[in-house]
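Asker: Residue numbers (the working numbering): 394 to 868. Glycine is no exception: its CB is placed at the ideal position from the N, C-alpha and C atoms. Computed from a predicted model, the values in this text were never measured in an experiment.
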RNA sequence: CGGAGCGUGGCGCAGUCCGGAUAGCGCACCUGAAUGGGGUUCAGGGGGUCGUGAGUUCAAAUCUCACCGCUCCGACCA
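1. Among 616, 405 and 460, which residue has its Cα nearest to the Cα of residue 863?
2. So residue 548 packs on residue 530, CB below 8 Å; how close in whole Å?
3. Between the Cα of residue 849 and the Cα atoms of 800, 457, 807 and 640, which residue gives the shortest distance?
4. To the nearest angstrom, how far is the alpha carbon of residue 432 from that of residue 740?
5. I'd like to check one pair, residue 416 with residue 669: are the Cβ atoms closer than 7 Å?
6. I need the boundaries of the beta strand (DSSP E) containing residue 801, first residue and last residue.
7. Residue 547 lies in the beta strand (DSSP E); which residues open and close that run?
8. Once DSSP output is grouped into helix, strand and coil, what is the label at residue 443?
9. From 581, 458, 636 and 827, pick the residue whose C-alpha is nearest to that of residue 524; which is it?
10. Measuring only the C-alpha atoms, how far is residue 395 from residue 728?
11. Closer than 6 Å by C-beta to residue 629: which residues in its own chain qualify, once you throw out the five before and the five after it? Chain order, please.
12. One question on the structure: do residue 522 and residue 556 come within less than 7 Å of each other, judged by their Cβ atoms?
13. Please classify residue 723: does DSSP put it in a helix, a strand, or coil?
14. Quick check on DSSP: helix, strand or coil for residue 420?
15. Can you tell me which of the three DSSP states residue 438 falls into?
16. Under the rule that 16 or more other beta-carbon atoms within 10 Å means buried, what is residue 786, buried or exposed?
17. Is DSSP giving residue 621 helix, strand or coil here?
18. Mind listing, in chain order, the continuous beta strand (DSSP E) runs of no fewer than 3 residues lying wholly within the region 660-733?
19. What residues in its chain sit with their C-beta under 6 Å from that of residue 856, if we drop five residues either side in the sequence?
20. Taking buried to mean at least 16 other C-beta atoms within 10 Å of its own C-beta, is residue 536 buried or exposed?
21. By the three-class DSSP mapping on this structure, what secondary structure does residue 766 have?
22. If we call anything under 7 Å between Cβ atoms a contact, is residue 778 one with residue 674?
23. List, from N- to C-terminal side, the alpha helix (DSSP H) runs of 4 residues or more that fit wholly inside the region 820-860.
24. When you compare the region 588-600 with the region 822-829, are there three or more beta-carbon pairs, one atom per stretch, that lie closer than 8 Å?
Spelled out as structure tokens, the structure:
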């Protein structure tokens, strides 16, 4: 025990839990299903969050904060919504020992409380659009929980926008799913399928749900972000109307969208290997870890002096680094420790290197070491980090494509799902057929792909089809 | 909610079937020394209401009953 993590091939779920715990990303909280996000895990989340936050702001959104307590009556105003969320809500019934007249729901999502406020704020088309986002915790009392992937309480952002026209709201929902795609692919190095959800899989209360779906290391799908076009459903429920340019009263059009701490789980399961985590440089808390090696005080000061030579340059290039000069642990121990923690690049520097005026670079994602001169250290490191970022994406994309199969009939689909992987297939079936397939194979339609122009034959109904869907088992 | 398993120092476990003496091991922790380029070695040390409650017994971690909690596998979900 104590050393290493369970091999992926032995038990992927166990591997995942081992990695989260041993990399010190998170720990179990005292209340069932809750999670403590530890500093290293939180740093990773912060990096992802900050990137997303900047993207939202650049596209015209602003942050705000709404209360976590929602009156029961609010939740009940939108029929689909309450049906979808009420069963998994935590409810406050007592305050100060006294029973409340109206129970307070702890937000499972904030559409209702936000739209109750939008009613106050929106009168005219001149008040639109409202483009608000909030970073908050929410509570959903799920049956089965897994660290980062599905916890009772989790952190996320939820955007809630209000628009004067359906097309503008629709455009917003699509704009956001594109931002999510960029976040996943360009920063987390995680290739995603972008598309729409079927009615069965869409958000409770939405007209349409858009999604990004990624393939994890066990070939299962993970929904990593969703953006919903809500139409006028919530505006009707909360009676939010505005006067348009023609002086006519109209219901407001809405969107909502979110990504959560699940993203952290997605990174782990996209890139990790049997040694532990592998983090893409753009989101890694430490992009490099520098491990100095010495035997005596003389060597120590020489090594530290050498590090000092390129330290400043690392800083000026905005490279996040850590010098692990802990004298209590051996270099070998550090190597292993930082590999579990997924630091993309390790720098070793010891007496032997000083003689040659060099440093040793070891990539986390591939085998082998590289030697570069001390003078070129910072420059080489910066370049290598870029390479690692790109290689991780390529590797993940390659893995997904190798495990994605086109099928022309139902038997083929069953076989692919059985063996593990994504099915890419033409589809025009209805919800009942979808449910039947799910029951028989446990696979669901993860998404109906965007930007798809080919025509073919539905593998299930044999009817002409112009939509391609991804079927997979999912988390 | 259905199925399976587990509660013993901080963590992971053995001991439980077949009751008996001071409850044992690994990791972690503390002290000292040597080590230090792939999870270092040796010596010494601290720490446990055996999940909770009741019962059986001369005697319970061990047998009986009840309760509580957790993890994993299924239906729901970001």
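Answerer: On the basis of the supplied data:
1. Checked all of 616, 405 and 460; the closest Cα to residue 863 is 616.
2. Their Cβ separation, rounded to whole angstroms, is 5 Å, which keeps residue 548 and residue 530 in contact under 8 Å.
3. Check the Cα spacing between residue 849 and each of 800, 457, 807 and 640: the tightest is with 800.
4. Distance from the CA of residue 432 to the CA of residue 740, rounded to the nearest whole angstrom, comes to 23 Å.
5. yes
6. Careful: residue 801 lies outside any beta strand (DSSP E) and carries neither H nor E.
7. Per DSSP, residue 547 belongs to the beta strand (DSSP E) from 546-556.
8. helix
9. 458
10. With a pLDDT of only 34 at residue 395, under the threshold of 50, the placement of this residue in the model should not be trusted; the figure read from the coordinates follows. Their backbone Cα atoms lie some 15 Å apart in a straight line.
11. Taking C-beta separations shorter than 6 Å and ignoring five residues to either side along the sequence, the partners of residue 629 in its chain run 644, following chain order.
12. Cβ distance < 7 Å, so residue 522 and residue 556 count as in contact.
13. coil
14. strand
15. helix
16. Residue 786 sits buried, since 16 or more C-beta atoms from the chains shown fall within 10 Å of its C-beta.
17. strand
18. 681-685 and 714-716
19. 821
20. exposed
21. It is a strand residue.
22. yes
23. 824-834
24. yes
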